[in-house]
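One structure is given here, and the rest of the page talks about it.
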Amino acid sequence: MGACLESMLVEGAGELGVNLDKNQAARFLLYMELLKEWNERINLTSIEEDTDIVIKHFIDSLSILPVILSYYRANCANNHAGTTGTCSANGKDAAWTCGVNSPGTYCEGGVNTTEVNTTEPRGTGILNTYETRESRKRISLIDIGSGAGFPGIPLKIACENLDVTMIDAVEKKVKFLEECIGRLKLGEIKALHGRAEDYGQNPSYRERFDVCTARAVAYLPVLL
368 MGACLESMLV EGAGELGVNL DKNQAARFLL YMELLKEWNE RINLTSIEED TDIVIKHFID
428 SLSILPVILS YYRANCANNH AGTTGTCSAN GKDAAWTCGV NSPGTYCEGG VNTTEVNTTE
488 PRGTGILNTY ETRESRKRIS LIDIGSGAGF PGIPLKIACE NLDVTMIDAV EKKVKFLEEC
548 IGRLKLGEIK ALHGRAEDYG QNPSYRERFD VCTARAVAYL PVLL
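Position 219 of the sequence shown, counting from 1, maps to 586 under this note's numbering, and the rest follow consecutively.
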């Protein structure tokens, strides 16, 4: 059964342009086991069948990764305006590399890359060191009302160079998220207990993230 689920996950993600290796697929399957185990104790999800978890939670969460990376691909292209360099993805694939004769990948695992050249010196390509155009740093993402970890954890598994912060108002769910982070051995990701309204007024968090996600939390006008 595990092999069938892995195949379904890898193929489904691949259709989105997100390539998962064996290690990443194994993390997803462990994540599923943790989700099912904790769901017996606390209410994490009403989706309980393995195939439904893969499709409706994992693949659905990954569907926004190409969009996130496409946004920064566009920023990279804008940043190189006036140079002979280009910054583009290969077909539907949403990741890229920058640098002269130095491929350097933007996203280590998860999304296909294509090598491009710029006029910048070796190693200084803006995305060669996982930086955004605006602040020259890794992409930071905050997941509001993360609940069982969607989409924050799947995005982190697929693209380890995202810095992810997950917020949830239910302490038991935050404990689950912390358990997942530890068991899946994920770095640069944390779970915080509290309300988004409160963190939104905190200078340490307000307008500090490149990307904000919220899945099944509230109507868009409320979120905004």
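Cβ atoms here follow ideal geometry from the backbone N, Cα and C, with glycine treated the same way.
No experiment lies behind these values; they were computed from the predicted model shown.
{"Item": "C-alpha distance - His424 paired with Ser374, whole-angstrom precision", "Value": "16 Å"}
{"Item": "Integer-rounded CB distance, given that Ser428 should sit under 8 Å from Pro518", "Value": "3 Å"}
{"Item": "Identity of the residues DSSP links to Lys557 by a beta bridge", "Value": "Thr532"}
{"Item": "Chain C contact for Val377 (CB, 8 Å cutoff)", "Value": "As a matter of chain content, chain C is missing from the structure shown, which is built from one protein chain."}
{"Item": "Pick from Ile420, Ala583, Ile435 that is closest to Asn528, judged by C-alpha positions", "Value": "Ile435"}
{"Item": "Cut-off 7 Å between Cβ atoms - residues of its own chain near Cys474, not counting five sequence neighbours on either side", "Value": "Summary for Cys474: the model assigns pLDDT 40, below 50, so the residue's position carries little reliability; its value from the coordinates is reported in the next sentence. The answer, listed in chain order, is Leu436, Ala462, Cys526, Asn528."}
{"Item": "Coarse secondary structure for Val537, derived from DSSP in three states", "Value": "coil"}
{"Item": "Sufficient close CB pairs (3 or more, under 8 Å) joining the stretch 508-517 to the stretch 566-582", "Value": "yes"}
{"Item": "DSSP-derived helix/strand/coil call for Thr418", "Value": "helix"}
{"Item": "Sub-8 Å separation of Pro433 and Val377 beta-carbons", "Value": "no"}
{"Item": "Beta-carbon proximity check, Ala563 vs Ile548, cutoff 8 Å", "Value": "no"}
{"Item": "Outcome for Leu383 when other beta-carbon atoms lying within 10 angstroms are tallied against a minimum of 16", "Value": "buried"}
{"Item": "Alpha carbon of Lys403 to alpha carbon of Glu415, nearest angstrom", "Value": "7 Å"}
{"Item": "Endpoints, beta strand (DSSP E) assigned at Ile520", "Value": "Premise fails: Ile520 lies in the alpha helix (DSSP H), 519-525, not in any beta strand (DSSP E)."}
{"Item": "Reference Val421, options Phe395, Tyr438, Leu411, Glu407, closest by Cα", "Value": "Phe395"}
{"Item": "Neighbourhood of Gly369 by C-beta, 7 Å cutoff - its chain only, sequence neighbours within 5 removed", "Value": "Leu396"}
{"Item": "DSSP bridge partner residues for Asp577 (one or two, in chain order)", "Value": "In the DSSP output, where bridge partners are listed per residue, Asp577 has none listed."}
{"Item": "N-terminal and C-terminal residue of the beta strand (DSSP E) that Ser430 is part of", "Value": "Careful: Ser430 lies outside any beta strand (DSSP E) and carries neither H nor E."}
{"Item": "Check whether Asp535 and Glu555 have beta carbons under 8 Å apart", "Value": "no"}
{"Item": "Chain-order list of residues whose beta-carbon lies under 8 Å from that of Arg550 (same chain, five-residue window excluded)", "Value": "Leu397, Leu401"}
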